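Chains as they are written, first to last, in our numbering: chain W, 175 to 351; chain E, 175 to 351.
The C-beta atom is built at its ideal place from N, Cα and C for all residues, glycine as well.
Being a predicted model, the structure only gives us computed values, none of them experimental.
Number of protein chains: 2
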Amino acid sequence: MAHRLLAERVRAGDTVIDATAGNGHDTLFLAELVGDTGRVHAYDVQSSAIRATEVRLESVGYKDRVELHHASHTDIAEREEPIQAAIFNLGYLPGSDKQIITQADSTLEAVQSALSRLMSGGIVLLVVYVGHAGGEKEAEALERYARTLSTHEYLVLKYEYINPDNRPPYILAIEKK
Amino acid sequence: MAHRLLAERVRAGDTVIDATAGNGHDTLFLAELVGDTGRVHAYDVQSSAIRATEVRLESVGYKDRVELHHASHTDIAEREEPIQAAIFNLGYLPGSDKQIITQADSTLEAVQSALSRLMSGGIVLLVVYVGHAGGEKEAEALERYARTLSTHEYLVLKYEYINPDNRPPYILAIEKK
Numbered sequence: 175m176a177h178r179l180l181a182e183r184v185r186a187g188d189t190v191i192d193a194t195a196g197n198g199h200d201t202l203f204l205a206e207l208v209g210d211t212g213r214v215h216a217y218d219v220q221s222s223a224i225r226a227t228e229v230r231l232e233s234v235g236y237k238d239r240v241e242l243h244h245a246s247h248t249d250i251a252e253r254e255e256p257i258q259a260a261i262f263n264l265g266y267l268p269g270s271d272k273q274i275i276t277q278a279d280s281t282l283e284a285v286q287s288a289l290s291r292l293m294s295g296g297i298v299l300l301v302v303y304v305g306h307a308g309g310e311k312e313a314e315a316l317e318r319y320a321r322t323l324s325t326h327e328y329l330v331l332k333y334e335y336i337n338p339d340n341r342p343p344y345i346l347a348i349e350k351k
Numbered sequence: 175m176a177h178r179l180l181a182e183r184v185r186a187g188d189t190v191i192d193a194t195a196g197n198g199h200d201t202l203f204l205a206e207l208v209g210d211t212g213r214v215h216a217y218d219v220q221s222s223a224i225r226a227t228e229v230r231l232e233s234v235g236y237k238d239r240v241e242l243h244h245a246s247h248t249d250i251a252e253r254e255e256p257i258q259a260a261i262f263n264l265g266y267l268p269g270s271d272k273q274i275i276t277q278a279d280s281t282l283e284a285v286q287s288a289l290s291r292l293m294s295g296g297i298v299l300l301v302v303y304v305g306h307a308g309g310e311k312e313a314e315a316l317e318r319y320a321r322t323l324s325t326h327e328y329l330v331l332k333y334e335y336i337n338p339d340n341r342p343p344y345i346l347a348i349e350k351k
């Protein structure tokens with residue numbers, strides 16, 4: 175679903191952000207969308223994530239399309255060029271230490287930075303997990319913030335599976351008008 | 175959004191249902207999707223809705239693609255052929271008597287009938303309004319029911335704008351696996 179929303183809005187030549195590179199799945203998908211002339215900036219605080227993403231990109235020859243930042247996604251504020259999209263895949267890195275999770279405060283700061291750089295017609299996607307310790311707190315903070323965004327400037331759409339056995343992530347999609 | 179979801183799944187030649195013809199907007203959209211070889215069954219209890227829908231269809235030459243049923247959507251149970259999609263646009267008929275609203279019990283019965291005829295890969299869309307008297311009750315009943323649907327057989331996705339000034343409708347999309 176998140177990829178479908180990105181594919182609808184990201185075109186060749188666009189600049190986009192993967193705020194949580196993780197194992198590189200979203201980075202790779204974005205690199206496909208922006209093509210040879212576009213640019214993906216991918217962030218992760220964990221060196222294992224940056225390495226995994228690099229390997230994945232090299233395997234398909236997309237390394238040149240991506241700038242890897244071994245840094246917190248709060249560093250999104252340090253650049254200024256407008257972006258067409260950003261994705262935040264929250265929670266912990268699959269297959270790694272579940273103690274290292276994204277945190278409400280820094281996530282919120284990074285989301286605000288991404289929105290400040292978002293172009294009209296662009297989208298910021300938050301893939302929100304509530305199944306791990308700390309997940310509920312982060313989810314609440316993000317949803318509270320998203321509800322305050324002006325309807326004149328943004329549409330915020332929540333996509334949620336409501337009949338699952340366990341608790342899957344849901345998506346908050348913030349679209350700039 | 176509802177139309178986008180329908181367009182993704184409905185193809186020429188399909189049989190589909192507009193459970194609440196209303197002013198005919200959804201009926202017309204479905205008639206476009208199913209084409210000359212498909213069939214739309216449109217239901218409404220209000221004769222003004224059936225007339226408005228008929229006029230709209232005739233104006234674009236789609237009358238032959240649609241069977242209008244001046245009847246409650248609970249009559250969906252009286253037919254048996256499989257359907258690819260059904261849409262329920264709940265609440266009251268725009269521009270008419272706001273006392274005549276869809277009711278939780280009959281809506282739930284009609285939704286169950288539609289699901290029993292739904293083909294694999296098909297979708298039932300509920301456009302749920304909560305801004306009018308009785309809306310909350312119907313919404314709660316539908317969402318409670320949707321949450322009970324087996325994840326082996328259905329995916330239920332809720333699409334909801336969360337930053338509006340007023341309370342727009344939200345969508346429950348029930349997709350048959």
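Could you tell me which of the options sits nearest to residue i, measuring between CA atoms?
i	options	result
W:ILE257	W:MET175, W:TYR335, W:GLY187, W:LEU179	W:GLY187
E:THR194	E:GLU252, E:ILE261, E:ASN337	E:ILE261
W:SER246	W:LEU264, W:ALA181, W:GLU255, W:LEU329	W:LEU264
W:ILE275	W:LEU299, W:ALA216, W:GLU310, W:ARG183	W:GLU310
W:VAL285	W:GLY198, W:HIS177, W:ALA315	W:ALA315
E:VAL304	E:LEU202, E:ALA313, E:GLY296, E:VAL298	E:ALA313
E:ALA223	E:VAL298, E:GLY196, E:LYS332, E:LEU329	E:GLY196
W:ILE250	W:ARG291, W:ALA226, W:LYS332	W:ARG291
E:GLY212	E:SER221, E:ALA176, E:THR189	E:THR189
E:ILE348	E:TYR335, E:LEU329, E:ALA176	E:LEU329
W:HIS326	E:ARG225, E:SER221, E:ASN337	E:ASN337
W:VAL301	W:GLU283, W:GLU334, W:ARG185, W:GLU254	W:GLU334
W:MET293	W:LEU299, W:ALA259, W:TYR217	W:ALA259
E:THR227	E:ARG185, E:GLU254, E:HIS199	E:HIS199
E:THR281	E:ARG253, E:LYS332, E:VAL219	E:VAL219
E:GLU206	E:SER221, E:ARG185, E:TYR217	E:ARG185
E:ALA176	E:ARG183, E:LEU299, E:SER324, E:LYS332	E:LEU299
E:GLU255	E:LEU289, E:GLN277, E:LEU331, E:LEU204	E:LEU289
W:GLU252	W:LEU346, W:TYR217, W:GLN277	W:TYR217
E:LEU204	E:GLN277, E:ARG225, E:ARG178	E:ARG178
E:ARG183	E:ARG225, E:LEU202, E:VAL208	E:VAL208
E:ILE297	E:SER221, E:LYS332, E:ARG225	E:LYS332
Tell me whether residue i is buried or exposed, calling it buried when 16 or more other Cβ atoms sit within 10 Å of its Cβ.
i	result
W:ARG230	buried
W:ALA307	exposed
W:ASP192	buried
E:HIS243	buried
E:SER287	buried
W:ASP210	exposed
W:ASP279	exposed
E:ALA181	exposed
E:GLU241	exposed
W:GLY295	exposed
E:HIS121	Any answer about residue 121 of chain E is impossible in this case: the structure gives chain E only from 175 up to 351.
W:LYS351	exposed
W:ARG239	buried
Give the residues of chain B in contact with residue i, contact being defined as C-beta atoms less than 7 Å apart.
i	result
W:ALA320	Looking for chain B here will not work: the only protein chains present are W and E.
Below 9 Å on C-beta distance, what does residue i contact in chain E?
i	result
W:LYS332	LYS332, TYR333, GLU334, TYR335, ILE336, TYR344
Determine the chain W residues that contact residue i at a beta-carbon separation under 8 Å, and present them in chain order.
i	result
E:LEU329	TYR335, ASN337
E:LEU323	ASN337
Using a Cβ cut-off of 8 Å, pull out every chain E residue sitting near residue i, in sequence order please.
i	result
W:THR194	Correct list: empty, because the minimum Cβ distance to chain E is about 22 Å.
query: Does the region 226-235 of chain E touch the region 326-343 of chain W, meaning 3 or more C-beta pairs lie closer than 8 Å?
result: As far as the Cβ criterion goes, the region 326-343 of chain W does not touch the region 226-235 of chain E, which means the pair count is below three.
- prompt: Residues in the region 270-301 of chain E with C-beta within 8 Å of chain W's C-beta atoms, listed in sequence order?
  reply: Cβ contacts with chain W: none found.
The region 315-322 of chain W touching the region 309-322 of chain E, judged by at least three CB pairs closer than 8 Å: With a cut-off of 8 Å, the region 309-322 of chain E and the region 315-322 of chain W do not count as touching, because too few Cβ pairs lie within range.
message: Please list, in chain order, the residues of the region 241-258 of chain E that have any C-beta partner in chain W closer than 9 Å.
response: Contact annotation: in the region 241-258 of chain E, no residue has its CB less than 9 Å from a CB in chain W.
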